[in-house]
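So the structure is just underneath, and the comments pick up after that.
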Amino acid sequence: ITVLEYVDPIQNKPERVTTPVVGTEYKLGIEQYGLSTPSMLYLKSKVLVSTYYIPSTPTFAEGLNAVLEEVPGASDDYKYYLKFTEGGSDWYYGAKVSDDYAHVNDAIETTPTTKWKWDAVNQALVTYLDIPEGEGHKESGDYYIGTYGDKNTFSLSSMDKIAESYPAHLYV
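Using the working numbering, read the sequence shown as starting at 997 and increasing by one per residue.
What follows is the structure in structure tokens.
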């Protein structure tokens, strides 16, 4: 009997954070196994690739530093803002719902409004969106940062998709 050992096609991964600390610099990254050559992807810039996506880079050093800031007076699990510094300016990763409520989009916030919680099970950041009910509307609920299929960008998806996609994690 031959025993085959699994070899992860993504080599030299940085250390994934299991318990983030406010004020510590991390990289927001995705282990993207859906590409023809599986790769680590890191958030690269606030320049949106269309309305829905934030660009990535496969190079750790080119990824922007991510810092969790504590939401003042937060009384629930959604107690973090997700801050990046680019070109000497701070910005925050946000989430917004399209005017027709059919899409959940990335948002670049100069003043933070999107609050995130740490999902320890999935080791991912999650935000709650309250969306009015209606035909064609997305559903209210938790949304995580990640990607899916063979995409190489960052976007938001509902938690019911996390098992079949690639959530973003924090890395050091």
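Where a beta carbon is used, it is the ideal one built from N, C-alpha and C, also for glycine.
Task: Per-residue burial, alanine 1170 [other beta carbons within 10 Å of its own, 16 or more giving buried] - done: Lying outside 997 to 1168, the shown extent of the chain, residue 1170 is not represented and no answer is given.
Task: Entirely enclosed beta strand (DSSP E) segments - the region 1066-1117, minimum 3 residues - done: DSSP assignment within the region 1066-1117 yields the following whole beta strand (DSSP E) runs of 3 residues or more, N-terminal first: 1076-1082, 1085-1093, 1100-1105 and 1113-1115.
Task: DSSP beta-bridge partners of threonine 1184 - done: The first residue shown for the chain is 997 and the last is 1168, placing residue 1184 beyond what the model contains.
TODO: Given a cut-off of 8 Å, decide if glutamate 1065 and lysine 1079 are closer than it, judged by their beta-carbon atoms.
DONE: Cβ distance < 8 Å, so lysine 1079 and glutamate 1065 count as in contact.
- [ ] Could you tell me how far apart the beta carbons of threonine 944 and proline 1051 are, in whole angstroms, since I believe they sit closer than 8 Å?
- [x] The question about residue 944 has no answer, for the chain in this structure spans 997 to 1168.
TODO: Within 10 angstroms of the Cβ of aspartate 1073, are there 16 or more other Cβ atoms? Answer buried if so, exposed if not.
DONE: Exposed: under 16 other Cβ atoms inside 10 Å.
- [ ] Report, in whole angstroms, the separation of the C-beta atoms of serine 1151 and aspartate 1102, which I expect to be a contact under 8 Å.
- [x] About 6 Å separates the Cβ atoms of serine 1151 and aspartate 1102, confirming a contact at the 8 Å cut-off.
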